[in-house]
Amino acid sequence: MRVRPSKRSCFYANQAGLPPAATMYNLFGFARKKPSSGRIDGEGVYLRPAVMGDFEPWRRLRGASRAFLTPWEPTWPPDDLTRPAFQRRILRHDDERARDEAYSFLIFRAADDALLGGITLGNLRRGVAQCGTLGYWMGENHAGQGFMAKAARALLRHAFVDMRLHRVEAACAPNNERSRRLLERLGFQREGYARAYLLIDGAWQDHLLFAMLESDFLREESSSSDLASQFRQ
Ligand SMILES: CC(C)(COP(=O)(O)OP(=O)(O)OC[C@H]1O[C@@H](n2cnc3c(N)ncnc32)[C@H](O)[C@@H]1OP(=O)(O)O)[C@@H](O)C(=O)NCCC(=O)NCCS
58 MRVRPSKRSC FYANQAGLPP AATMYNLFGF ARKKPSSGRI DGEGVYLRPA VMGDFEPWRR
118 LRGASRAFLT PWEPTWPPDD LTRPAFQRRI LRHDDERARD EAYSFLIFRA ADDALLGGIT
178 LGNLRRGVAQ CGTLGYWMGE NHAGQGFMAK AARALLRHAF VDMRLHRVEA ACAPNNERSR
238 RLLERLGFQR EGYARAYLLI DGAWQDHLLF AMLESDFLRE ESSSSDLASQ FRQ
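Going by our numbering, the first residue of the sequence shown is number 58, and it counts up by one from there.
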């Protein structure tokens, strides 16, 4: 049986056999807003892309947090904490940003501009996916104080409201309690389990797969603003 496309389908063809112009425009992501390349403000924190002037605080924070971070990250190259490697990192991030492939930020405390950690919205897929992947790290002495939840909320708002993404994914190792709690707290839904998913700390490790849809985010935002208004009353 031949199935005729419904007029409501986004693949509905006009007489020339092409999808309507507006649909094509949306399908390939041209209607999506490009993200700003600058600072994003959150509650008590702000995010901005790294610049060379961040090298010393970044090196000190990552160096002091090495044992805390390395079990959960790809193996650090031997020169990772050197100035040339940091410069290459910045160039790569700038290039990814210009190509709309990934957006990497450092996280700062608003009160005193202290560097706290980093967060990335990477692996961007536009077109019919409109999806990105969240990754993050926090300096050991700043962890467990709610800063990452605030930074992630600010980036998620930017992803769904300004960049008009439809879905943000994240993954964490099953034994990474802090990361799993963070994702659940943010309102991510657990969707699956991927075997030998990422090469972390030198080994292919299983991961729990999480995702947040734009509709999940809007629900989270409205329930937290309901809560805030109850407190104000
Ligand atoms: C995962 C990580 C980014 C979380 O950052 P953070 O600043 O500690 O997160 P927050 O303080 O915003 O806390 C988020 C949740 O984790 C919980 N948490 C914090 N410390 C915890 C701990 N020691 N054990 C269990 N949960 C913990 C918090 O209580 C909070 O959950 P709650 O709101 O339900 O109480 C940080 O711990 C980190 O960098 N870990 C090492 C690297 C890493 O795991 N990277 C991610 C790989 S997927």
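For each residue, glycine too, the CB sits at the ideal point set by N, CA and C.
From a predicted model like this one, the values you see are computed outputs, not experimental measurements.
Straight-line Cα distance separating residue j from residue i
i	j	result
residue 140	residue 112	7 Å
residue 277	residue 219	17 Å
residue 183	residue 271	14 Å
residue 273	residue 104	23 Å
residue 119	residue 244	28 Å
residue 281	residue 269	16 Å
residue 230	residue 267	11 Å
residue 165	residue 252	34 Å
residue 275	residue 125	33 Å
residue 162	residue 191	11 Å
residue 260	residue 279	40 Å
residue 144	residue 264	31 Å
residue 158	residue 202	30 Å
residue 213	residue 160	12 Å
residue 207	residue 136	31 Å
residue 222	residue 198	32 Å
residue 262	residue 131	11 Å
residue 148	residue 215	23 Å
residue 117	residue 217	33 Å
residue 146	residue 248	31 Å
residue 233	residue 156	32 Å
With 16 other Cβ atoms within 10 Å as the buried cut-off, status of residue i
i	result
residue 250	exposed
residue 168	exposed
residue 108	exposed
residue 235	exposed
residue 224	buried
residue 174	buried
residue 210	buried
residue 187	buried
residue 185	exposed
Residue i: CB within 8 Å of a non-hydrogen atom of ligand 1
i	result
residue 262	no
residue 254	no
residue 198	no
residue 236	yes
residue 193	yes
residue 204	yes
residue 125	yes
residue 214	no
residue 232	no
residue 211	no
residue 241	yes
residue 201	yes
residue 354	Lying outside 58 to 290, the shown extent of the chain, residue 354 is not represented and no answer is given.
residue 113	no
residue 121	no
residue 188	no
residue 226	no
residue 249	no
residue 129	yes
residue 259	no
residue 174	yes
Test item: CB-CB of residue i and residue j under 9 Å
i	j	result
residue 200	residue 114	no
residue 122	residue 195	yes
residue 133	residue 257	no
residue 95	residue 106	yes
residue 228	residue 193	no
residue 179	residue 153	yes
Contact test: residue i Cβ vs ligand 2 heavy atom, cutoff 8 Å
i	result
residue 277	In the structure shown, ligand 2 is absent; the only ligands present are ligand 1.
In chain order, each beta strand (DSSP E) run of at least 3 residues that lies wholly inside the segment 95-141 | 102-105
Residue ranges of each alpha helix (DSSP H) run of no fewer than 4 residues wholly in the segment 150-185, ordered along the chain?
-> Counting whole runs of 4 or more residues, the segment 150-185 contains no alpha helix (DSSP H) stretch at all.
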